[in-house]
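Chemist:
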Amino acid sequence: MTELWHRFFALHRARVGLVLVALLGGLAILAPVLASYDPSVQLDLANRQLLPPSIAHPFGTDFFSRDMVARVLHGARISLSVALLSVALSVTVGAALGLISGALGGVLDTILMRLVDAALAVPRVFLLLLVLALWHDVGLVGLIMVIGLTSWFDVARIVRAEVMSLKAREFIVATRALGFGMPRVAFRHLLPNVAAPIIVTATLGIGQIVLLEAGLSYLGIGVQPPTPSWGTMIADGQALLTRAWWIATFPGIAIVLTVIGFSLVGDGLRDAIDPQTR
Amino acid sequence: MTALLRVRRLRTTFASDAGTVRAVDDVSFDLAPGETLAIVGESGCGKTVTALSILRLLDDSAHIADEATVEYDGVNLLALSSRELRRIRGAEIAMIFQEPTTSLNPVLSVGTQVTETLRAHRSIGRRAARQRAVELLNLVGIVDAEHRIRAYPHELSGGLQQRVMIAIALACDPKILIADEPTTALDVTVQAQILELLAELKHRLGMAMILISHDLGVVAGLADRIAVMYGGQIVEEAPTSLLFSQPSHPYTDALLQAVPRLDRPAHRLTAIPGVVPRASDWPAGCRFHPRCALAWERCGSELPTLAEESAARRVRCWLLEEPQRRSP
Amino acid sequence: MTEPHPLVEAQSLIKEFRFGGFLGTGSRVIRAVDDVTLSIARGEAVGLVGESGSGKTTLGRLILRLLEPSEGTVRFDGHDLLALDRRSLRTLRRRMQVVFQDSAGSLNPRMMVGAAVREPMVVHRLYRGRAADARVVELFGEVGLDASHVGQYPHELSGGQRQRVGIARALSVEAELLVLDEPVSALDVSVQAQVLNLLADLRARRHLTYLFIAHDLAVVRHLAERVAVMYAGRLAESAPTATLFTRPLHPYTTSLLSAIPTPDPARQATRIVLADETKRATERPRGCAFHERCPHPRKDERCRAEAPALRNVEPERHVACHYSDEPIPVPSVAARPTGHAPDDPA
Numbered sequence: 001m002t003e004l005w006h007r008f009f010a011l012h013r014a015r016v017g018l019v020l021v022a023l024l025g026g027l028a029i030l031a032p033v034l035a036s037y038d039p040s041v042q043l044d045l046a047n048r049q050l051l052p053p054s055i056a057h058p059f060g061t062d063f064f065s066r067d068m069v070a071r072v073l074h075g076a077r078i079s080l081s082v083a084l085l086s087v088a089l090s091v092t093v094g095a096a097l098g099l100i101s102g103a104l105g106g107v108l109d110t111i112l113m114r115l116v117d118a119a120l121a122v123p124r125v126f127l128l129l130l131v132l133a134l135w136h137d138v139g140l141v142g143l144i145m146v147i148g149l150t151s152w153f154d155v156a157r158i159v160r161a162e163v164m165s166l167k168a169r170e171f172i173v174a175t176r177a178l179g180f181g182m183p184r185v186a187f188r189h190l191l192p193n194v195a196a197p198i199i200v201t202a203t204l205g206i207g208q209i210v211l212l213e214a215g216l217s218y219l220g221i222g223v224q225p226p227t228p229s230w231g232t233m234i235a236d237g238q239a240l241l242t243r244a245w246w247i248a249t250f251p252g253i254a255i256v257l258t259v260i261g262f263s264l265v266g267d268g269l270r271d272a273i274d275p276q277t278r
Numbered sequence: 279m280t281a282l283l284r285v286r287r288l289r290t291t292f293a294s295d296a297g298t299v300r301a302v303d304d305v306s307f308d309l310a311p312g313e314t315l316a317i318v319g320e321s322g323c324g325k326t327v328t329a330l331s332i333l334r335l336l337d338d339s340a341h342i343a344d345e346a347t348v349e350y351d352g353v354n355l356l357a358l359s360s361r362e363l364r365r366i367r368g369a370e371i372a373m374i375f376q377e378p379t380t381s382l383n384p385v386l387s388v389g390t391q392v393t394e395t396l397r398a399h400r401s402i403g404r405r406a407a408r409q410r411a412v413e414l415l416n417l418v419g420i421v422d423a424e425h426r427i428r429a430y431p432h433e434l435s436g437g438l439q440q441r442v443m444i445a446i447a448l449a450c451d452p453k454i455l456i457a458d459e460p461t462t463a464l465d466v467t468v469q470a471q472i473l474e475l476l477a478e479l480k481h482r483l484g485m486a487m488i489l490i491s492h493d494l495g496v497v498a499g500l501a502d503r504i505a506v507m508y509g510g511q512i513v514e515e516a517p518t519s520l521l522f523s524q525p526s527h528p529y530t531d532a533l534l535q536a537v538p539r540l541d542r543p544a545h546r547l548t549a550i551p552g553v554v555p556r557a558s559d560w561p562a563g564c565r566f567h568p569r570c571a572l573a574w575e576r577c578g579s580e581l582p583t584l585a586e587e588s589a590a591r592r593v594r595c596w597l598l599e600e601p602q603r604r605s606p
Numbered sequence: 607m608t609e610p611h612p613l614v615e616a617q618s619l620i621k622e623f624r625f626g627g628f629l630g631t632g633s634r635v636i637r638a639v640d641d642v643t644l645s646i647a648r649g650e651a652v653g654l655v656g657e658s659g660s661g662k663t664t665l666g667r668l669i670l671r672l673l674e675p676s677e678g679t680v681r682f683d684g685h686d687l688l689a690l691d692r693r694s695l696r697t698l699r700r701r702m703q704v705v706f707q708d709s710a711g712s713l714n715p716r717m718m719v720g721a722a723v724r725e726p727m728v729v730h731r732l733y734r735g736r737a738a739d740a741r742v743v744e745l746f747g748e749v750g751l752d753a754s755h756v757g758q759y760p761h762e763l764s765g766g767q768r769q770r771v772g773i774a775r776a777l778s779v780e781a782e783l784l785v786l787d788e789p790v791s792a793l794d795v796s797v798q799a800q801v802l803n804l805l806a807d808l809r810a811r812r813h814l815t816y817l818f819i820a821h822d823l824a825v826v827r828h829l830a831e832r833v834a835v836m837y838a839g840r841l842a843e844s845a846p847t848a849t850l851f852t853r854p855l856h857p858y859t860t861s862l863l864s865a866i867p868t869p870d871p872a873r874q875a876t877r878i879v880l881a882d883e884t885k886r887a888t889e890r891p892r893g894c895a896f897h898e899r900c901p902h903p904r905k906d907e908r909c910r911a912e913a914p915a916l917r918n919v920e921p922e923r924h925v926a927c928h929y930s931d932e933p934i935p936v937p938s939v940a941a942r943p944t945g946h947a948p949d950d951p952a
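Residue numbers (this note's numbering), protein chains in the order written: chain A, 1 to 278; chain B, 279 to 606; chain C, 607 to 952.
#1: Given glutamate 912/C, which residues of its chain have a CB within under 7 Å of its CB, disregarding the five upstream and five downstream residues?
#2: Looking at the strands, I want to know which residues DSSP matches up with threonine 518/B.
#3: Tell me whether arginine 539/B sits in a helix, a strand or coil according to DSSP, three-state version.
#4: What does DSSP give as the partner residue(s) for valine 642/C in the beta ladder?
#5: Under 7 Å between the Cβ atoms of arginine 279/A and serine 90/A?
#6: Measure the C-alpha to C-alpha separation of alanine 296/B and valine 719/C and round it to an integer number of angstroms.
#7: Could you list the residues in the region 170-190 of chain A with a C-beta less than 9 Å from some C-beta on chain C, going in chain order?
#8: On a CA-only basis, which of Phe625/C, Thr697/C, Ala651/C is nearest leucine 786/C? Give me that one, please.
#9: Please name the residue, chosen from Thr379/B, Ala372/B, Ser294/B, that lies closest to aspartate 338/B on a Cα-to-Cα basis.
#10: Isoleucine 456/B lies in the beta strand (DSSP E); which residues open and close that run?
#11: Could you check whether the Cβ of lysine 885/C sits closer than 7 Å to any Cβ belonging to chain B?
#12: Let me check understanding here. Comparing Cα to Cα, which of Phe171/A, Leu120/A, Gly106/A lies closest to aspartate 708/C?
#13: Return the CA-CA distance between leucine 51/A and alanine 272/A, expressed in angstroms with no decimal places.
#14: To the nearest angstrom, how far is it from the Cα of aspartate 686/C to the Cα of proline 760/C?
#15: My parser needs the beta strand (DSSP E) runs of 3 or more residues fully inside the region 452-502 of chain B; what are they?
#16: Taking the alpha-carbon positions, what's the leucine 257/A to glycine 552/B distance?
#17: Between valine 568/C and alanine 838/C, what straight-line distance do the alpha-carbon atoms span, to the nearest angstrom?
#18: Which residues mark the beginning and the end of the beta strand (DSSP E) in which arginine 832/C is found?
#19: What residue from Ala186/A, Ile198/A, Ser217/A has the CA that sits closest to phenylalanine 153/A's CA?
#20: Flag proline 197/A as yes if its beta-carbon sits less than 7 Å from any beta-carbon of chain C, otherwise no.
#21: Leaving out five residues before and five after serine 491/B in sequence, what residues of the same chain have Cβ atoms less than 7 Å from its Cβ?
#22: Nearest CA to the CA of leucine 455/B: which residue from Ser387/B, Gly312/B, Trp596/B?
#23: Determine, using beta-carbon pairs with one atom in the region 202-217 of chain A and one in the region 71-91 of chain A, whether at least three such pairs fall under 8 Å.
#24: Going along chain C, which residues have a C-beta under 7 Å from serine 321/B?
#25: Is alanine 293/B helix, strand or coil when you go by DSSP?
#26: Hey, how far is the Cα of leucine 521/B from the Cα of valine 185/A?
#27: Glycine 324/B to arginine 592/B, Cα distance in whole Å?
#28: Would you identify the three-state DSSP class for lysine 885/C, choosing helix, strand or coil?
#29: Going along chain C in order, which residues have a C-beta closer than 8 Å to the C-beta of proline 225/A?
#30: At a Cβ threshold of 7 Å, is glutamine 440/B touching chain C?
#31: State the Cα-Cα distance for the pair tyrosine 37/A and leucine 269/A, rounded to the nearest angstrom.
#32: List the residues of chain B that aspartate 752/C touches, going by C-beta distances under 9 Å, in chain order.
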C-alpha cells in the first residue's frame with residue numbers, strides 16, 4: 001500500500017488533483033465558518049440586488065441579494081455530499097452484485113448481466129429524467145438514492161470482469177481445492193483483489209456525479225431551491241448572464257475544478273495501481 | 279585470435295525504488311569470429327542485461343557506466359550515435375528472444391516480417407526480398423516456405439514461430455547472433471529441434487553466437503566456451519568440455535550437481551542452500567559466499583577478482599590463491 | 607495397481623472443452639483428456655509427464671474435481687467424487703491438495719503468507735487461535751521456512767520460499783494426496799533441487815501420496831516410482847520409473863528421453879529430432895495421435911487409421927502403440943562419455 005502511495009505521489013497530475021480535491025473538500029467542510037453570510041438569507045432586496053464582485057461580496061450577489069460566496073461554498077457542501085453518498089451507494093450495490101455474479105456464475109450471472117446490459121442500453125440521463133419526472137420532489141435523500149441506484153451498472157460490470165479473471169488465477173483455484181465456502185472466497189480472497197479498480201471507478205465517478213447533479217438541478221429536477229446547489233445557481237444565473245455574469249460563472253468554475261480534481265486523482269490512482277496502462 | 283566482439287568493464291545499473299540495482303557489475307569477455315559463447319546463470323544474475331547492454335536495447339531507467347566499452351570490429355558500440363548503432367543492430371549483430379509469440383507482430387504475415395529487416399538495411403526490391411525470405415525460411419528448416427510465407431504468427435506452432443524469429447535474425451547475414459533463452463518457452467521435443475537447427479546454422483554460416491541460457495544442458499552441445507554468471511558478475515569462464523568435466527568455481531560445481539539428469543543414478547540431489555540474491559543488495563565480499571560450502575572469512579569481506587587459472591580458464595574465487603582449502 | 611484399494615482411481619476420464627461459436631453453433635471441441643484410466647496406490651508417487659497441451663494439468667484437476675469430467679469417474683479412497691454432495695466433497699477435499707507451478711500466482715497477493723497457511727486449518731476446524739498460530743510456525747519449520755516469514759507478503763519472498771509456503775498450505779489440512787503441478791519448473795536450478803529434496807523428505811515422513819505432473823522427465827525420475835506419459839490427451843505409456851527410463855516401449859517416450867539436454871558436451875549428437883507439430887489440438891489426426899511425428903520405422907497404414915489401445919503388455923506396464931513389441935532403442939541414455947575426466951574432480 002505504501003508503495004502505491006509512492007507511485008501516486010510521483011505523478012505530478014495526481015498531486016495537482018489531490019490538492020484541488022483537498023481544497024474543495026476543505027472549503028465545503030468549513031463553509032459555515034468561511035462564509036460571512038447565510039446563503040439563503042435575502043440581505044437587502046432594494047440595495048444589494050445583483051451587485052458585481054467587490055470587497056464585501058467577492059463573487060457578487062444574486063437576484064435575491066444573496067451573497068454568492070456563501071452560496072458557492074454551501075453549494076459545495078450539497079454538491080459534494082450528494083456525489084459522495086451517491087457514489088458510496090452505487091459502488092456498494094455494484095461491487096456486491098458484481099462480486100456475487102462473478103463468484104457464483106451460472107444462471108444468476110447470466111440473468112444479472114443481461115439486466116445490466118439492458119440498463120446500460122438506456123441513457124442514464126433519460127432514465128433519471130423519467131424517474132424524477134414520475135416522482136416529484138424527492139428531497140436530497142431521494143435524489144441520492146435515485147442517482148446511486150442508477151449508476152452501479154458500470155461498477156458491477158467492472159467488478160465482475162475482474163472477478164472472472166481472478167477466478168482463473170491459481171490462488172483462487174487453490175481456495176476451492178482447500179474446500180473454502182463461497183462467502184469466504186468472495187470476501188476474503190476476491191474482494192481485496194478487486195479493491196483497487198473499485199477505488200478508481202469510485203473516484204472518477206464522483207466528478208461525473210457532481211456534473212450529473214448540476215445538470216439535473218439546472219433542469220429543475222435535482223436539488224430544489226432554496227437549497228444552494230451549483231446547478232440551480234447556474235440555472236438562476238443563465239437568464240441574467242448579460243447583466244450579471246458572476247452568478248453563473250463562479251459555480252461553473254467550481255464544477256469544472258471539482259471534475260478536474262477528481263479525474264486527476266482517479267487517473268493517478270489508476271496509473272499508480274497499474275503502471276502498465278500508460 | 280583477434281576478437282570480433284570485445285566487452286570490457288561492462289557495468290549496468292538501474293534506478294529503482296529499492297535503490298540502485300547493480301544488474302551487471304564489471305563484466306568483460308571476448309568473442310572470436312565463428313565462436314559460440316554461452317552465458318549461463320540463474321534468474322537475476324545479469325545474463326540478459328549483459329546481452330541487452332551490448333546492443334543498448336535497455337530502457338531509460340538503465341545506465342551503462344562511462345568506462346565500459348563494447349568494441350565490435352574496432353568500434354565502441356556504446357559511443358555510437360543511435361543512427362550509427364541502428365546500422366549495426368539487426369544487420370551485423372542480430373538477436374532472438376525467449377518468447378517467439380510476443381516477439382512476432384501478430385498482425386503482419388511471416389513474409390512481411392522477414393522481408394522488413396532486409397528492406398530496412400539493404401536497398402533491395404520487393405521481389406528480391408521475397409525471394410530471399412523464402413530462402414531464409416528454407417534455411418531454418420521450414421518446409422513449404424512459399425506457402426508458409428503468407429501465414430500469420432498465430433497459425434504457427436511455437437517451434438515454427440521460433441524458426442521464423444531465427445530467419446528474421448539471419449536476414450542480413452549477421453556476424454553475431456545473440457540468442458536469449460531461445461528454447462526456454464518451448465517443449466522438450468521442440469527444443470531439441472531448435473538446438474539442432476542452431477548447431478547446423480553455426481556450422482553452415484560460420485557466424486559467432488552468444489547463447490544465453492539458465493540450462494547447462496542446453497548449452498552443453500552448442501557452446502565452444504561458457505561464462506557462468508552469478509550476482510551480476512562472471513564467476514567462471516572456460517572451454518565447454520573443461521568446464522563440465524572439471525568445474526573450478528564452487529558455484530559451477532554445485533550447479534552441475536544440482537541439475538536432475540538422466541545420465542546419473544537417481545540419487546538425492548545436492549542442493550545449493552539459501553536463495554538467489556537480489557540485484558539490489560548483493561552480499562559483501564564474494565557474492566556466492568553465503569551459499570558456498572567452501573567459504574571462509576576472507577570470502578565474506580573481500581570480492582575476488584576474475585583471475586586466470588590457466589590460459590584457458592578465468593575464475594573469480596579465492597580458492598585460486600589458497601587451493602589447499604579445497605576439500606580433498 | 608495390484609493393491610485392492612488404491613487411494614485414487616480415475617476411470618475412463620474424458621474432458622472436452624467447447625469454445626468459439628454462438629448459441630451452440632459452430633463451436634469447436636477440444637478433447638483435453640481422452641479416455642484416461644489411472645490409479646495411484648496409497649503412499650505411491652506417480653509421475654505424469656507430457657508436453658504443453660498434452661492434458662496433464664487437466665487430468666490433475668479432474669482427479670481433484672476442480673474440473674467436472676465430461677465422462678468417467680474418479681474415486682478417492684473408495685468414495686465416488688462425482689456422486690458426493692457439496693458438504694461431503696468439501697470434507698474430502700481436505701485430504702487431497704494441489705501445489706501449483708507459479709508460486710506467485712498461487713498465493714493471494716494481499717494476504718500474509720502465515721495467514722494463507724493458517725486459514726485452511728481454521729476453516730476445517732483443525733486448529734484455532736494460539737494453537738493455529740503455533741501450528742503455522744511448526745509447518746513453516748517443516749518446509750524449511752523461518753518463523754520470521756509468517757508476517758510477510760508473497761512478493762517479499764523468493765520463488766523457492768513461496769513454493770514452500772504453497773506446500774505448507776497443502777500440509778496445513780493434513781492432506782494425504784498432493785497433486786504437484788510442475789512444482790519446480792519455474793524455479794532456478796539451485797533452488798529446484800532444494801524443493802525436490804523437500805518433497806521427497808515430506809513424503810517419507812508423512813507417508814504422502816503424490817501425483818507429480820511435469821514436462822521434465824529428468825525431474826520426475828527423482829521423485830516418482832511410476833511414470834505415466836501423456837500425449838494429446840491420452841496415456842501413451844505407463845511403467846515403473848526405472849523400467850521406463852531404461853527400456854521405453856512407446857516411440858514418443860523414447861523421443862522425449864532423447865530430447866532432454868544433458869549437461870555433458872560428449873553426449874549430444876544422439877537426439878531423436880521429431881517432425882514439427884503441425885496440427886492443432888482441435889484437428890488431431892485420425893488413428894494414433896502421434897503417427898505424423900512418429901520416428902518408428904514400422905509406422906504404417908494401421909497407425910494412420912486405428913488409434914492404438916492402452917494395453918497391459920507386461921506386469922505393471924501399459925503402452926499404447928501397435929508396434930510396442932519392437933521398441934526403438936534409446937539412443938544414449940546408457941552411453942557414457944569417453945576421454946573425459948570423472949564428473950566430480952573434487
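Here a beta-carbon is modelled for each residue, glycine too, at the ideal position from N, C-alpha and C.
Modeler: Quick look at the numbers:
#1: Gly893, listed in sequence order.
#2: In the DSSP assignment, no residue is bridged to threonine 518/B.
#3: DSSP, reduced to helix, strand and coil, places arginine 539/B outside both helices and strands of the structure shown, so it counts as coil.
#4: Bridge partners of valine 642/C: Leu619/C.
#5: Past the edges of chain A, shown from 1 to 278, lies residue 279/A, and the structure says nothing about it.
#6: Within the model, the alpha-carbon separation for alanine 296/B versus valine 719/C is close to 22 Å.
#7: For chain C, the residues of the region 170-190 of chain A that bring a beta carbon within less than 9 Å of one of its beta carbons are Glu170, Phe171, Ile172, Val173, Ala174, Thr175, Arg176, Ala177, Leu178, Gly179, Phe180, Gly181, Arg184, Arg188, His189, in chain order.
#8: Of Phe625/C, Thr697/C, Ala651/C, the residue nearest in Cα terms is Ala651/C.
#9: Of the listed residues, the one whose Cα sits closest to aspartate 338/B is Ser294/B.
#10: Residue range 454-458 is occupied by the beta strand (DSSP E) that includes isoleucine 456/B.
#11: Low local confidence applies: a pLDDT of 49 at lysine 885/C is under 50, so the model's placement there is unreliable, and no value is given.
#12: When only C-alpha atoms are compared, the closest one is Phe171/A.
#13: Distance between the alpha carbons of leucine 51/A and alanine 272/A is about 46 Å.
#14: Their backbone Cα atoms lie some 36 Å apart in a straight line.
#15: As far as the region 452-502 of chain B is concerned, its whole beta strand (DSSP E) runs of at least 3 residues are 454-458, 486-491.
#16: Counting only the Cα atoms, glycine 552/B lies some 55 Å from leucine 257/A.
#17: Given a span of 607 to 952 for chain C in the structure shown, any question on residue 568/C remains unanswerable.
#18: That run of the beta strand (DSSP E) goes 832-837.
#19: Comparing Cα positions, the closest option is Ile198/A.
#20: Answer no: the Cβ-Cβ gap between proline 197/A and chain C never drops below 7 Å.
#21: If you ignore the 5 residues before and after serine 491/B, its C-beta comes within less than 7 Å of the C-beta of Ala316, Val318, Glu459, Val497, all in its own chain and listed in chain order.
#22: Selected option, being the one with the closest Cα: Gly312/B.
#23: By the Cβ test, the region 202-217 of chain A is in contact with the region 71-91 of chain A, since at least three Cβ pairs between them sit closer than 8 Å.
#24: Counting only Cβ-Cβ distances below 7 Å, serine 321/B has contacts in chain C at Asp794, in chain order.
#25: DSSP places alanine 293/B within a strand segment (E or B) once states are collapsed to three.
#26: When rounded, the distance between both Cα atoms is 51 Å.
#27: Taking the straight line from one Cα to the other gives about 18 Å.
#28: Reliability of the predicted coordinates at lysine 885/C is poor, the pLDDT of 49 falling under 50, and no value is obtained from them.
#29: Those do not exist, as proline 225/A stays about 47 Å from chain C at its closest Cβ, beyond 8 Å.
#30: No, no contact with chain C.
#31: Roughly 38 Å between the two C-alpha positions.
#32: Correct list: empty, because the minimum Cβ distance to chain B is about 11 Å.
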